[in-house]
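Structure first, commentary second.
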C-alpha cells in the first residue's frame, strides 16, 4: 500500500466510524428533550424514564465522539500537511467555532445529567435544549470546512498561496447551508430509525407496554418528519452541485455525454470504458428539469472533462443510488407506521415491527453512501479546482502502519460504544426506576 492509498484509506475508515458516532450524538439529545418535554406536559413517568435513558446514551456518544474527533484532527495534520498548510488559516474559523459549540454542549450536558434531583423540572428540561442545539451546531460547523473544500471562496490565490483570506470564508461557501441542512437531517433520520428498530425488537419480544410504544412513537415521529423533508433538501443540493460541480453531477447520474434534455437514470451500472449503462431505467428529460427547472437544459457529461479530472463514476453513481433508494425506503417505512397509528392500531403487526427492525440500519447506510458521493464526486481534488489530493498528502514513511493502528482505535471505540449501549437496553424500567425518574424531575 503506497502512502496516498494508505492516507486515503485511513481517512475513509476514520470518517466512516466518526459519522456514526456524530449522528447519534446529534440525534439522541433531541429525542431526550422531546421525551422529557412530554413527561412534563403529561405527568407520565415513562416519558421521563425514556429521557433519562436517552440522556445516558447522549453522554456515551458524546464521550466516544470526542475521542474520535480528536483522532481525526491529528490525522488531518499528520496525513495532509500540504493541505493544512494552505487551508488551515481558512477553515480554522469553522473548527474554532465548533470547539465553542462542543464546550457549550459539555457544560449543559453536565447540568442535565447531574441536575435531575437538583433543579426544578422546568429548569432541568431547559438545560437539555442547549445540548440538542449545540450538538446540531457542532455538526453544521464542521460541515462548513468540507463545504469550503467543495466550493472554495473567500481568498485570493497568488503564487500558489492563499492571501486576502476572509475569516468567514467557510461560511461564505455556496455549498455550506444546503450541505449542513442535508447532513443534519440525515443524522436525525439515521438515529430515529435506529432507535425505532431497537424498541420494535423489544415489542417483538412481548414488551408491548407504554414505555416501548412511546419510544417508538417519538423516534419515528422525528425520523419520519425529517425523512419527508430530506428529498427537498436533496433537490436543493443537487441544483447547487449542477451549477458549481458539474463533474460530480455527471458522475452521480452516470451522464457520459453532454446533452440537452438529459434523462434521469434509475439504477444501472455504468461502464466507464464504453460509456454505456447496464440495467438502468431512464426517465426522459427529468435530470435536466431537476437540475435546472428546465426540461431542455443542457448538462455537461463526463466525457467533456479531461480524463484526469473525472470522478470515479461507478462508485459515485452506485453510492448515489443506494442513498436515494434507502431514503425512499425509510419514507415508506415511516408512513406505514403512521398509517397504522392513524387507523388506531396501538398493537402493531409483527410484519411492521420486523420491517422496522430490518430497516433500522438504512438511515446509516444512506448517511454513509451520501458522504461517499460527496467525497468521491470531488475527486481528484482535495480543494475543488485548487489542489489535487495527490499533492496534499504527506511524504513521510510509515503511513500504512499508522492506518492499521488508527483502524484498531476506531474498531475499539465502536466496540466500546456498542457494548455500553447494549448495557443500557434493559427494557421497561422497574417501578422503583420509574418512581425515581418522576421524583428526580
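In my numbering, the protein residues as written are 18 to 458. All C-beta atoms in this analysis are idealised placements derived from N, C-alpha and C, irrespective of residue type, glycine included.
Pick from the options that is closest to residue i, judged by C-alpha positions
{"i": "residue 338", "options": "324, 310, 320, 297", "result": "297"}
{"i": "residue 307", "options": "322, 392, 270", "result": "270"}
{"i": "residue 70", "options": "61, 86, 53, 58", "result": "53"}
{"i": "residue 200", "options": "366, 340, 398, 59", "result": "340"}
{"i": "residue 20", "options": "419, 427, 141", "result": "419"}
{"i": "residue 384", "options": "348, 333, 206", "result": "206"}
{"i": "residue 145", "options": "106, 45, 215, 35", "result": "45"}
{"i": "residue 309", "options": "280, 330, 295", "result": "280"}
{"i": "residue 94", "options": "72, 425, 413", "result": "413"}
{"i": "residue 155", "options": "137, 98, 39", "result": "39"}
{"i": "residue 430", "options": "82, 67, 58", "result": "82"}
{"i": "residue 185", "options": "221, 108, 275", "result": "108"}
{"i": "residue 210", "options": "143, 261, 31, 233", "result": "233"}
{"i": "residue 426", "options": "23, 34, 147, 22", "result": "34"}
{"i": "residue 57", "options": "163, 106, 133, 116", "result": "133"}
{"i": "residue 334", "options": "139, 286, 208", "result": "286"}
{"i": "residue 106", "options": "166, 78, 182, 168", "result": "182"}
{"i": "residue 399", "options": "328, 366, 423, 436", "result": "328"}
{"i": "residue 203", "options": "50, 375, 36", "result": "36"}
{"i": "residue 459", "options": "441, 352, 31, 138", "result": "Here the chain covers residues 18 to 458 and nothing more, so residue 459 does not appear."}
{"i": "residue 189", "options": "350, 110, 316, 208", "result": "110"}
{"i": "residue 177", "options": "130, 99, 18", "result": "99"}
{"i": "residue 80", "options": "113, 127, 173", "result": "127"}
{"i": "residue 195", "options": "212, 217, 164", "result": "164"}
{"i": "residue 139", "options": "187, 302, 50", "result": "50"}
{"i": "residue 331", "options": "291, 303, 103", "result": "291"}
{"i": "residue 257", "options": "275, 299, 167", "result": "167"}
{"i": "residue 172", "options": "239, 213, 215, 103", "result": "103"}
Euclidean distance between Cα positions of residue i and residue j
{"i": "residue 123", "j": "residue 288", "result": "49 Å"}
{"i": "residue 152", "j": "residue 278", "result": "42 Å"}
{"i": "residue 101", "j": "residue 158", "result": "17 Å"}
{"i": "residue 264", "j": "residue 60", "result": "55 Å"}
{"i": "residue 191", "j": "residue 197", "result": "11 Å"}
{"i": "residue 64", "j": "residue 48", "result": "11 Å"}
{"i": "residue 283", "j": "residue 343", "result": "13 Å"}
{"i": "residue 273", "j": "residue 143", "result": "53 Å"}
{"i": "residue 119", "j": "residue 72", "result": "16 Å"}
{"i": "residue 355", "j": "residue 324", "result": "48 Å"}
{"i": "residue 90", "j": "residue 230", "result": "40 Å"}
{"i": "residue 439", "j": "residue 377", "result": "16 Å"}
{"i": "residue 236", "j": "residue 219", "result": "14 Å"}
{"i": "residue 435", "j": "residue 371", "result": "21 Å"}
{"i": "residue 457", "j": "residue 117", "result": "Summary for residue 457: the model assigns pLDDT 44, below 50, so the residue's position carries little reliability; its value from the coordinates is reported in the next sentence. If I take the Cα positions, the gap works out to 30 Å."}
{"i": "residue 74", "j": "residue 380", "result": "18 Å"}
{"i": "residue 449", "j": "residue 382", "result": "Residue placement at residue 449 is flagged as unreliable, the pLDDT there being 36, under the threshold of 50; a coordinate-derived value is accordingly withheld."}
{"i": "residue 137", "j": "residue 162", "result": "39 Å"}
{"i": "residue 170", "j": "residue 160", "result": "15 Å"}
{"i": "residue 148", "j": "residue 26", "result": "33 Å"}
{"i": "residue 295", "j": "residue 348", "result": "27 Å"}
{"i": "residue 135", "j": "residue 62", "result": "18 Å"}
{"i": "residue 452", "j": "residue 66", "result": "Caution is warranted here: a pLDDT of 47 is assigned to residue 452, below 50, making its placement in the model unreliable, and no coordinate value can be reported."}
{"i": "residue 251", "j": "residue 374", "result": "26 Å"}
{"i": "residue 129", "j": "residue 221", "result": "32 Å"}
{"i": "residue 18", "j": "residue 92", "result": "18 Å"}
{"i": "residue 302", "j": "residue 393", "result": "25 Å"}
{"i": "residue 115", "j": "residue 346", "result": "33 Å"}
{"i": "residue 41", "j": "residue 208", "result": "6 Å"}
{"i": "residue 396", "j": "residue 141", "result": "47 Å"}
{"i": "residue 299", "j": "residue 423", "result": "42 Å"}
{"i": "residue 442", "j": "residue 432", "result": "15 Å"}
{"i": "residue 28", "j": "residue 407", "result": "14 Å"}
Identity of the residues DSSP links to residue i by a beta bridge
{"i": "residue 178", "result": "175"}
{"i": "residue 277", "result": "315"}
{"i": "residue 283", "result": "298"}
{"i": "residue 288", "result": "293"}
Any non-hydrogen atom of the ligand ADP within 6 Å of residue i CB
{"i": "residue 427", "result": "You won't find the ligand ADP in this model; it holds no ligand whatsoever."}
Interface flag, residue i vs chain C, CB-CB below 7 Å
{"i": "residue 352", "result": "No chain C appears in the structure shown, which is made up of a single protein chain."}
Runs of 3 residues minimum, wholly inside the stretch 355-429: which ones carry the beta strand (DSSP E) assignment? 398-400
Any chance you could list the alpha helix (DSSP H) runs of at least 4 consecutive residues sitting entirely within the stretch 88-165, in chain order? Within the stretch 88-165, the complete alpha helix (DSSP H) runs of at least 4 residues fall at 98-131.
Could you tell me which whole beta strand (DSSP E) segments of length 3 or greater appear in the stretch 174-248? 178-180
Tell me whether the stretch 86-96 and the stretch 247-264 touch, counting them as touching only if at least three CB pairs, one residue from each stretch, are closer than 8 Å. no
Could you say if the stretch 386-396 and the stretch 224-236 meet the contact criterion of at least three C-beta pairs nearer than 8 Å? no
Between the stretch 351-363 and the stretch 312-324, do at least 3 Cβ pairs fall closer than 8 Å? no
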